[in-house]
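Notes to accompany the following structure.
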Amino acid sequence: MLLSLACFSLFALASGEQQIASAFKNKVSDLQVNSSGYVVRVLADDEQGSRHQRFILKLNNGQTLLVAHNIDLAPRLKNLRVGDKVEFFGEYEWNNKGGVIHWTHHDPAGRHIDGWLKHRGVQYD
Numbered sequence: 062m063l064l065s066l067a068c069f070s071l072f073a074l075a076s077g078e079q080q081i082a083s084a085f086k087n088k089v090s091d092l093q094v095n096s097s098g099y100v101v102r103v104l105a106d107d108e109q110g111s112r113h114q115r116f117i118l119k120l121n122n123g124q125t126l127l128v129a130h131n132i133d134l135a136p137r138l139k140n141l142r143v144g145d146k147v148e149f150f151g152e153y154e155w156n157n158k159g160g161v162i163h164w165t166h167h168d169p170a171g172r173h174i175d176g177w178l179k180h181r182g183v184q185y186d
């Protein structure tokens, strides 16, 4: 049972990476995705409007994504460093640099599916 769950989880992450690659190729946005990547750059917070913790992830296929994690609605990822693995469930938005992942938090209004980030065994939502 545990082996089948682990295989399903790996398939879901690979499938999410394929969805993201296809969305980038076809310039698709507003796509709910689940995948993971490795931090290649930690950026300064975006302080305009709602505050966002920002960092760049690189997927196994080489594609990079900007993660914009709303820290007014969810906790900041602690001690985030280059090389760290981060799993995510959020909304993909196309841009010419690989795309953006946002909505990695709960929706207090209940109108959008809740997202999350996982880092070092802790889920941030």
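If you use the numbering used here, the sequence shown closes out at 186, no skipped numbers anywhere.
Where is the CB? At the ideal position from N, CA and C, for every residue including glycine.
Note that the structure is predicted; figures quoted are calculated from it, not measured.
Glutamine 124 carries a coil assignment under DSSP once its states are collapsed to helix, strand and coil. Beyond the five residues adjoining it in sequence on each side, isoleucine 174 comes within less than 7 Å, by CB distance, of Gln93 in the same chain, given in chain order. Out of Tyr185, His113, Val100, the CA that lies nearest to the CA of aspartate 133 is found in His113. Comparing alpha-carbon positions, the option among Gly171, Ser76, Lys88 lying closest to glutamate 154 turns out to be Lys88.
In the three-state DSSP reduction, lysine 146 falls in the strand class (E or B).
In the structure shown, glycine 77 falls within a helical segment according to DSSP collapsed to helix, strand and coil.
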